[in-house]
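What follows is one structure encoded as structure tokens, with my remarks underneath.
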Amino acid sequence: VSIFRNVPLAPPDPIFHLTANYKADPFPDKIDLGIGAYRDEAGKPWILPVVQKAEALVVGDPQLDHEYLPILGLKAFRDASVRVILGADSPAVAEGRAVGAQSISGTGALRIGAEFLRRFRDAATTVYISNPTWGNHRAIFEDAGFAVQTYPYWDAAARGLDIDGLLAALRAAPQQSIIVLHACAHNPTGVDPTAAQWRQIAEVCRERAHFPFFDCAYQGFASGSLDRDAAAVRAFVADGFELFVAQSYSKNFGLYGERVGCLTVVAHEPAVAQHIESQLAKITRAMISNPPSHGARIVSRVITDAGLMAQWQRELETMAGRIRAMRQALFTHLQQLGTPGTWQHIVDQIGMFSYTGLSPAQCQTLIDQHHVYLSSNGRISMAGLNEGNVERFARAVDQVVR
Ligand code: PLP
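Each residue of the sequence shown is one higher than the one before, counting from 5 in UniProt numbering.
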């Protein structure tokens with residue numbers, strides 16, 4: 005008999021499970037709106053031309069070898085990554101109180117950040133995540149040993165941000181809680197606070213001495229501008245907060261499988277930042293020893309070179325622009341069909357996803373009868389739509405809501 009005979013079967017991850025079902029469906033006109041990965045006009049993954057160029061430079065380098073990176077990753081990458089999120093002219097960078105640790109993409113940055121906080125914050129500290137949020141947030145912080153609570157985010161009736169509920173929850177949270185905030189392009193709702201609302205959130209965080217932990221998985225991908233998508237983080241830094249930012253280069257470089265990311269730390273003083281950096285190295289060493297090199301080398305080439313940086317920003321605008329065009333196309337088709345309900349939120353939302361408001365039952369009908377694959381919470385990945393399938397999708401939605 006196995007010593008593991010009492011191990012229960014864990015449920016499959018819903019989103020990866022959905023992708024597997026999509027792949028197994030033989031229907032030729034099936035539509036995949038599940039996983040948050042960019043697709044081009046032909047529905048195919050897009051290798052950014054700037055990535056092709058940078059990768060050619062990486063593999064063509066006669067000095068290239070496959071030695072270990074340092075524990076905290078490529079130094080040039082880490083330093084440039086901090087500047088990408090905080091801005092090259094950030095006072096925190098100039099004052100030497102911002103550091104970056106290379107991570108296994110955004111997930112790994114959240115994980116090492118969570119591990120650090122578990123070790124160096126009070127044991128009773130609670131983590132607050134938005135309701136709803138990316139499915140992995142709760143698991144990451146619970147696995148690090150935290151009690152996780154939620155703050156309201158989505159106002160279903162208004163199909164927008166529940167700012168009053170959000171502020172009230174942060175006010176009621178115990179002092180010095182950890183608040184996980186989506187830096188831009190909130191997943192799954194596609195609804196971000198306005199600049200004025202961010203100021204209100206910052207005010208409550210200051211009053212209650214909360215610690216902001218930004219998750220930035222879509223910088224540049226949301227609006228097409230790296231600076232605009234970093235505005236909330238930079239406003240908090242300008243306000244004098246100490247904070248963490250989990251940066252992911254999965255979406256904005258299309259480097260999903262290469263696992264490139266960075267945990268950027270802003271502290272009040274350089275000495276504190278260095279101590280935190282040393283602890284992140286200790287955590288990383290025991291968890292993964294050191295991060296992988298290939299993807300970080302590609303990103304590093306781009307973000308340390310003005311010409312490649314400019315090309316990357318144009319390609320970000322291409323991705324963001326195609327998604328905006330699909331929002332408009334979907335909205336227009338639904339209008340033309342006279343589909344019951346209001347659909348303005350499709351064009352108002354931002355980033356990879358749209359939170360349609362479709363019920364779990366309607367989503368299941370879309371899967372079973374229309375071969376349209378989407379999460380049961382009604383979230384659709386806008387990048388899965390293109391000129392070739394958007395009308396068919398609109399017709400399917402029209403049918404399930406009638
Ligand atoms: N955070 C959010 C909100 C996300 O949507 C994602 C990816 O879907 C991630 C973090 C992390 O992704 P990765 O680990 O690929 O960077």
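Note that CB positions come from ideal geometry on N, CA and C, so glycine has one too.
- Closer than 7 angstroms to some heavy atom of ligand 1: that describes the Cβ of Y260.
- The closest heavy atom of ligand 1 lies 7 angstroms or more from the beta carbon of T23.
- With fewer than three CB-CB distances shorter than 8 angstroms, the region 119-137 does not count as touching the region 92-100.
- Secondary structure at R406: coil, using DSSP grouped into helix, strand and coil.
- Within the region 39-127, the complete beta strand (DSSP E) segments of 3 residues or longer fall at 102-108, listed in chain order.
- For A250, the uninterrupted beta strand (DSSP E) segment begins and ends at L247 to S252.
- Look at H374 here: in three-state DSSP terms it is helix.
- In this structure, ligand 1 has a non-hydrogen atom nearer than 7 angstroms to the beta-carbon of T111.
- Membership of P274 in the alpha helix (DSSP H) is indicated by the continuous run P274 to M291.
- Taking C-beta separations shorter than 7 angstroms and ignoring five residues to either side along the sequence, the partners of A400 in its chain run L370, H374 and V376, following chain order.
- For P18, there is no enclosing beta strand (DSSP E); the enclosing alpha helix (DSSP H) has its first and last residue at P18 to A28.
- Judged by DSSP secondary structure, I183 falls within the beta strand (DSSP E) whose first and last residues are I182 to H186.
- Considering only R396, I205 and Y157, the residue with the shortest C-alpha distance to A213 is I205.
- Taking the C-beta atoms as reference points, A236 is found no nearer than 8 angstroms to A189.
- Relative to ligand 1, even the nearest heavy atom lies 7 angstroms or more away from the CB of H374.
- Going by C-alpha positions, G110 is about 32 angstroms away from A365.
- In the three-state scheme derived from DSSP, where H, G and I count as helix and E and B as strand, A151 is classed as strand.
- Straight-line measurement puts the Cα of R125 at about 28 angstroms from the Cα of R263.
- Taking 8 angstroms as the upper bound for CB-CB distance, R328 and E45 are not in contact here, some 14 angstroms apart.
- Check the Cα spacing between I182 and each of I384, V152, A234 and A200: the tightest is with V152.
- For N191, the CB falls within less than 7 angstroms of some heavy atom of ligand 1.
- From the listed residues T288, A226 and E391, the smallest Cα separation to D352 is found for A226.
- The beta carbons of R163 and G361 sit closer together than 8 angstroms.
- Within the chosen limit of 7 angstroms, ligand 1 does not reach the beta carbon of S385 with any heavy atom.
- In the DSSP secondary-structure assignment, D36 is bridged to Y377.
- Here the C-alpha atom of F335 lies approximately 14 angstroms from the C-alpha atom of I354.
- Between ligand 1 and W50, a heavy atom-to-CB distance of less than 7 angstroms is absent.
- When secondary structure is reduced to three states using DSSP, W202 falls in the helix class.
- The three-state reading of DSSP puts R305 in helix, counting H, G and I together.
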